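*Asks:* Residue numbers (this note's numbering): 5 to 568. Quick one: the structure is below, and I'll ask about it shortly.
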């Protein structure tokens with residue numbers, strides 16, 4: 005059958021199982037938008053900014069495991085997507101991004117709203133396309149989804165000139181993908197798996213480092229089988245939180261710069277580290293040359309370029325972590341490591357890390373603990389970046405799979421609102437809380453209008469300390485308390501802002517108000533904001549300064565900090 009390019013895009017998305025697209029129309033994109041009424045099965049959510057579309061598609065992808073889709077028009081519409089594309093790229097999130105381009109004859113002429121978006125996004129996409137023939141659209145869309153969601157996932161961009169969207173051609177959707185140069189390794193090498201099993205059997209103090217790859221490959225059951233059979237303590241990277249229940253006896257928590265002290269110390273004392281879908285990020289390793297030097301290392305990752313990139317390893321295994329664990333578990337013998345687990349229990353007792361200091365002031369850590377209690381650790385938590393992100397990772401007890409959604413590698417402020425929106429659209433059956441900083445919240449708060457319009461019932465807890473908290477902390481600790489450009493005296497009244505958008509809003513200034521406000525927001529049928537006015541001088545502890553080792557661990561606040 006003959007279809008226009010716009011019809012081909014919509015038909016192709018439906019054949020890939022897409023049910024929702026986040027986007028904003030514009031001149032070059034209008035022919036595609038005018039096609040949408042013919043495809044009522046394809047839900048379109050009109051965001052208020054293209055960055056919101058990209059982050060929403062990202063949040064949707066993380067909770068569903070399927071590529072999220074965002075689209076935008078040429079020029080600034082396309083460039084506004086770039087931060088969201090880069091965020092997804094750094095965290096290996098599958099996305100397909102479609103942009104409209106100026107007509108083919110105008111490409112290279114500096115036409116109105118012409119931007120070389122394929123050139124701009126080349127470093128932050130897994131692959132991208134400029135489609136010059138209408139008949140190529142089905143094949144390109146098919147390939148884009150295959151590339152985005154296989155091997156190491158990531159965003160793929162498809163740029164389509166306006167006249168290619170308008171023209172018609174014969175529609176043929178390929179049943180399979182033919183990409184001879186693209187063949188990710190899925191199964192691990194048997195010899196390497198045998199070596200890994202032998203090391204695990206011989207180890208006296210092994211630790212599993214579970215990363216985002218566990219979640220991306222949905223290897224939850226395989227991880228649980230491995231660690232319970234071999235009695236392996238589990239530490240998780242920031243993005244690995246939600247890969248293993250934190251109320252499990254073998255859960256040790258998050259190590260690294262702002263991880264719990266006992267998790268970092270467990271890595272340091274280990275004689276074997278089994279890294280599963282983790283890239284040994286610098287937030288965990290600090291000084292890579294001095295990281296966990298007493299241990300041998302097994303590294304499983306679907307991306308061969310990550311293995312040995314930062315940390316030398318003894319047993320490299322390239323493959324999808326779910327499939328590798330299925331093979332490895334067949335070789336793992338039941339073990340008892342009572343002494344090692346008791347030693348970790350000692351570390352937990354000697355370095356408690358998560359106790360709240362005694363204070364009458366309202367602090368974010370207390371709010372998050374109350375939120376964890378109110379939701380029984382079963383909500384999907386979406387954060388921005390900064391102090392509130394670290395406190396959420398520390399003080400919320402994550403018991404559900406894939407329950408922490410956050411920007412890891414890119415560290416993108418402003419992720420918390422649209423990311424939560426996308427997560428809620430992807431999982432309408434789940435309670436979604438966005439834990440936001442007052443700074444990051446204001447970067448993308450326009451998406452409150454999108455949530456109100458579509459009744460997307462995200463609950464937002466703003467940790468309102470009136471400062472750019474993590475920047476202020478670094479100025480406090482490393483820049484002689486020179487607090488340049490970190491205070492925010494111009495913060496709006498967030499309750500009035502909620503009222504302006506026609507959604508629930510409440511302000512909390514005292515501990516006694518915390519739980520009632522949380523429960524009230526949860527009972528409200530729609531999006532809600534709770535403005536928690538918290539102490540602005542609070543710092544995140546523990547802390548390992550950037551580029552340092554666990555020897556430089558700061559567990560407790562200084563005497564000056566403790567008096568606050």
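Backbone N, C-alpha and C fix where the C-beta goes; we use that ideal spot for every residue, glycine too. Being a predicted model, the structure only gives us computed values, none of them experimental.
#1: I'd like the span of the alpha helix (DSSP H) that includes residue 91, first residue to last.
#2: Residue 209 by DSSP, collapsed to three states: which one?
#3: Applying the criterion that 16 or more other CB atoms from any shown protein chain within 10 Å of the CB defines a buried residue, is residue 488 buried or exposed?
#4: Kindly indicate which residue of 280, 147, 189, 151 has the alpha-carbon position closest to the one of residue 179.
#5: If we ignore side chains and look at the alpha-carbon of each, how far apart do residue 555 and residue 410 end up?
#6: Can a CB atom of chain D be found closer than 8 Å to the CB of residue 499?
#7: What are the start and end residues of each continuous beta strand (DSSP E) run of 3 or more residues lying completely inside the segment 445 to 471, in chain order?
#8: Straight-line CA distance for residue 530 to residue 242?
#9: Touching or not, the segment 83 to 92 and the segment 399 to 409, by the rule of three or more beta carbon pairs under 8 Å?
#10: Does the beta-carbon of residue 334 have 16 or more other beta-carbons within 10 angstroms, so that it is buried, or is it exposed?
#11: Where do the ends of the beta strand (DSSP E) carrying residue 131 lie?
#12: CB residue 426 to CB residue 63, shorter than 8 Å?
#13: Tell me which same chain residues have a C-beta within less than 8 Å of the C-beta of residue 485, skipping the five on either side of it?
#14: Determine the burial state of residue 482: buried for a count of at least 16 other Cβ atoms within 10 Å of its Cβ, exposed for fewer.
#15: Could you say which of 116, 10, 422 lies nearest to residue 145 if we only look at CA atoms?
#16: Determine, using beta carbons only, whether residue 421 and residue 449 come nearer to each other than 8 Å.
#17: Determine the DSSP secondary structure at residue 154, reduced to helix, strand or coil.
#18: Measure the alpha-carbon distance for residue 331 versus residue 120 and round it to whole angstroms.
#19: By how many angstroms is the C-alpha of residue 546 removed from the C-alpha of residue 265?
#20: If you draw a straight line from the alpha carbon of residue 297 to that of residue 540, how long is it in whole angstroms?
#21: Taking only three categories from DSSP, how would you classify residue 338?
#22: Are the CB atoms of residue 475 and residue 491 nearer to each other than 8 Å?
#23: Below 7 Å CB to CB, which residues in the same chain sit around residue 69 once its five sequence neighbours on both sides are set aside?
#24: Could you tell me how far apart the beta carbons of residue 57 and residue 31 are, in whole angstroms, since I believe they sit closer than 8 Å?
#25: Can you name the residues that DSSP bridges to residue 7?
#26: Which complete beta strand (DSSP E) runs does the segment 15 to 99 hold, if anything under 3 residues is left out?
#27: Whose C-beta lies closer than 7 Å to the C-beta of residue 324 among residues of the same chain, with five residues either side of it excluded?
#28: If we ignore side chains and look at the alpha-carbon of each, how far apart do residue 558 and residue 166 end up?
#29: Are the beta-carbon atoms of residue 375 and residue 170 separated by less than 8 Å?
#30: Given residue 155, which residues of its chain have a CB within under 6 Å of its CB, disregarding the five upstream and five downstream residues?
#31: Can you name the start and end residues of the alpha helix (DSSP H) that residue 222 belongs to?
#32: Roughly how many angstroms lie between the CA atoms of residue 308 and residue 281, to the nearest whole one?
#33: First and last residue of the beta strand (DSSP E) that includes residue 599?
#34: Nearest-angstrom Cα distance between residue 565 and residue 355?
#35: When DSSP labels each residue in this structure, what does residue 361 get in the three-state scheme?
*Replies:* Once the coordinates are examined:
#1: The residue labelled residue 91 in the question sits at position 87 within the chain shown. Taken as a continuous stretch (DSSP letters only), the alpha helix (DSSP H) holding residue 91 covers 86 to 94.
#2: Taking the first residue of the chain shown as position 1, residue 209 is located at position 205. In this structure, residue 209 counts as coil in the three-state DSSP scheme.
#3: To locate residue 488, count along the chain shown from 1; it is residue 484. Residue environment analysis places residue 488 among the exposed positions, since fewer than 16 neighbouring C-beta atoms fall within 10 angstroms of its C-beta.
#4: Locating residue 179 in the chain shown gives position 175, where the first residue counts as 1. Nearest option by C-alpha distance: 147.
#5: As a working mapping, residue 555 is identified with position 551 in the chain shown. As a working mapping, residue 410 is identified with position 406 in the chain shown. Their Cα atoms are separated by approximately 28 Å.
#6: In summary, chain D is missing from the structure at hand, where a single protein chain is found.
#7: 463 to 468
#8: Position 526 of the chain shown, counted from the start, is the residue given in the question as residue 530. Position 238 of the chain shown, counted from the start, is the residue given in the question as residue 242. Rounded to the nearest angstrom, the two C-alpha atoms are 29 Å apart.
#9: Here the segment 83 to 92 does not lie against the segment 399 to 409, with fewer than 3 beta-carbon pairs under 8 Å apart.
#10: Taking the chain shown and counting its residues from 1, the one referred to as residue 334 is at position 330. It counts as exposed.
#11: For the purposes of this step, residue 131 is taken as the residue at position 127 of the chain shown. 131 to 134 is the extent of the beta strand (DSSP E) around residue 131.
#12: Indexing the chain shown from 1 puts residue 426 at position 422. Indexing the chain shown from 1 puts residue 63 at position 59. Going by C-beta atoms, residue 426 is nearer than 8 Å to residue 63.
#13: As a working mapping, residue 485 is identified with position 481 in the chain shown. If we look at residue 485 and ignore the five residues flanking it on each side, its Cβ neighbours are 479.
#14: Along the chain shown, one-based indexing puts residue 482 at 478. Residue 482 should be labelled exposed.
#15: To locate residue 145, count along the chain shown from 1; it is residue 141. For the residues 116, 10, 422, the minimum Cα distance to residue 145 belongs to 10.
#16: Along the chain shown, one-based indexing puts residue 421 at 417. Along the chain shown, one-based indexing puts residue 449 at 445. Yes, they are a contact pair.
#17: By one-based count along the chain shown, residue 154 stands at place 150. In this structure, residue 154 counts as coil in the three-state DSSP scheme.
#18: As a working note, residue 331 is residue 327 in the chain shown. As a working note, residue 120 is residue 116 in the chain shown. If I take the Cα positions, the gap works out to 45 Å.
#19: The count along the chain shown starts at 1 and reaches residue 265 at position 261. The count along the chain shown starts at 1 and reaches residue 546 at position 542. Taking the straight line from one Cα to the other gives about 6 Å.
#20: As a working mapping, residue 297 is identified with position 293 in the chain shown. As a working mapping, residue 540 is identified with position 536 in the chain shown. So the two alpha carbons sit approximately 38 Å from each other.
#21: Residue 338 sits at position 334 when you count from the first residue of the chain shown. Reduced to three states, the DSSP call for residue 338 is coil.
#22: Walking along the chain shown from the start, residue 475 turns up at place 471. Walking along the chain shown from the start, residue 491 turns up at place 487. Contact: no.
#23: Counting from one through the chain shown, the residue named residue 69 turns up at place 65. For residue 69, same chain residues with a beta-carbon under 7 Å away, outside a window of 5 residues either side, are 222 in chain order.
#24: On the chain shown, residue 57 is found 53 positions in, with the first residue counted as 1. On the chain shown, residue 31 is found 27 positions in, with the first residue counted as 1. About 17 Å; that fails the 8 Å criterion.
#25: Here residue 7 refers to the residue found at position 3 of the chain shown. Beta-bridge pairing links residue 7 to 173.
#26: 24 to 27, 47 to 50, 72 to 76
#27: Residue numbering aside, residue 324 sits at position 320 when the chain shown is read from its first letter. Excluding residues within five positions, the ones whose Cβ falls inside 7 Å are 190, 221, 306.
#28: Here residue 558 refers to the residue found at position 554 of the chain shown. Here residue 166 refers to the residue found at position 162 of the chain shown. Straight-line Cα distance between these residues: approximately 56 Å.
#29: Walking along the chain shown from the start, residue 375 turns up at place 371. Walking along the chain shown from the start, residue 170 turns up at place 166. Not in contact: residue 375 and residue 170 (Cβ atoms no closer than 8 Å).
#30: To locate residue 155, count along the chain shown from 1; it is residue 151. Counting only Cβ-Cβ distances below 6 Å, and skipping sequence neighbours, we find 188, 306.
#31: Here residue 222 corresponds to residue number 218 of the chain shown, with the count starting at 1. First-last for residue 222: undefined, no H or E at that position.
#32: As a working mapping, residue 308 is identified with position 304 in the chain shown. As a working mapping, residue 281 is identified with position 277 in the chain shown. Roughly 11 Å separates the two Cα atoms.
#33: Any question about residue 599 goes unanswered here, given that the chain covers just 5 to 568.
#34: On the chain shown, position 561 is the one that residue 565 refers to. On the chain shown, position 351 is the one that residue 355 refers to. With a pLDDT of only 47 at residue 565, under 50, the local geometry of the prediction cannot be trusted, and the value read off the model is given with reservation. About 19 Å.
#35: Taking the chain shown and counting its residues from 1, the one referred to as residue 361 is at position 357. Three-state DSSP puts residue 361 in coil, outside helix and strand.
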